[in-house]
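**Q** I'd like to ask some things about the structure below.
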Amino acid sequence: MLADQLVTATAELPELVSAVDRMGRSAESLCRALQGGLTAMNVAFGRALVVNEAHQRLQMAVQKAMELVDTDPEAAAGRLAELRADYAQLTAMR
8 MLADQLVTAT AELPELVSAV DRMGRSAESL CRALQGGLTA MNVAFGRALV
58 VNEAHQRLQM AVQKAMELVD TDPEAAAGRL AELRADYAQL TAMR
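Residue 94 in my numbering is what sits at position 87 of the sequence shown, and the numbering runs on without skipping anything.
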């Protein structure tokens, strides 16, 4: 009787090993997918930081150009036109 139970229990071991192997492979696949997603998020976040920094620099440059309006309107207009082009490039990066 004990021998029969032992035979029955050991007969199921290959199925158990296969099931554990499949679970391990699924977990490994999930980890790879998560790692890929996190890498993509990290890249996107880095890019957003670059765009944000460029946007802040652009805002400061616009403010300086606006200060020229009273003293040199032509220079201010030229600089604002340049900054408008820079802004168009910046929005294309998003």
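Ideal Cβ placement from N, Cα and C applies to all residues, glycine included.
Quantities reported herein were computed from a predicted structural model and do not represent experimental measurements.
Residues in the same chain with beta-carbon distance under 6 Å from residue 95, minus the five sequence neighbours each way, listed in chain order, please.
**A** Taken in chain order, the list of residues that qualify is empty.
**Q** Is it buried or exposed for residue 72, if we count other Cβ within 10 angstroms and need 16 for buried?
**A** It counts as buried.
**Q** From residue 86 to residue 49, what does the alpha carbon distance come to, in whole angstroms?
**A** Using only the alpha carbons, I get a separation of about 35 Å.
**Q** Leaving out the 5 sequence neighbours to the left and right, which residues in its chain are closer than 8 Å to residue 56 when beta-carbon positions are compared?
**A** Within the same chain, residue 56 has no close Cβ partners at all.
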